[in-house]
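Note that UniProt numbering numbers the sequence shown so that position 3 is 3, with each residue one more than the last.
For every residue, glycine included, the Cβ atom is placed at its ideal position computed from N, Cα and C.
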Amino acid sequence: MSKRTRRTFSQEFKQQIVNLYLAGKPRVEIIREYELTASAFDKWVKQS
Numbered sequence: 001m002s003k004r005t006r007r008t009f010s011q012e013f014k015q016q017i018v019n020l021y022l023a024g025k026p027r028v029e030i031i032r033e034y035e036l037t038a039s040a041f042d043k044w045v046k047q048s
């Protein structure tokens, strides 16, 4: 069995994702397109 590796994202990438959301792109679309977890996405939005 292979172990999942934890992905890390730059602060710039996180801000770009949040900006897309604030510009009106649907949350579900962003999560699906960038293969993010909902919890990570929500945390980034909350921290911005």
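Do K14 and W44 have their CB atoms nearer than 8 Å?
Going by C-beta atoms, K14 is nearer than 8 Å to W44.
For A38, which residues of its own chain have a beta-carbon under 7 Å away from its beta-carbon, when the five flanking residues on both sides are left out?
Excluding positions up to five away in sequence, the list reads I31.
Measuring straight from C-alpha to C-alpha, what distance separates S48 and D42?
Taking the straight line joining both Cα atoms gives about 10 Å.
Where S39 sits in the DSSP three-state scheme
Three-state DSSP puts S39 in a helix.
Between V28 and N19, what straight-line distance do the alpha-carbon atoms span, to the nearest angstrom?
Each residue's alpha carbon lies about 15 Å from the other.
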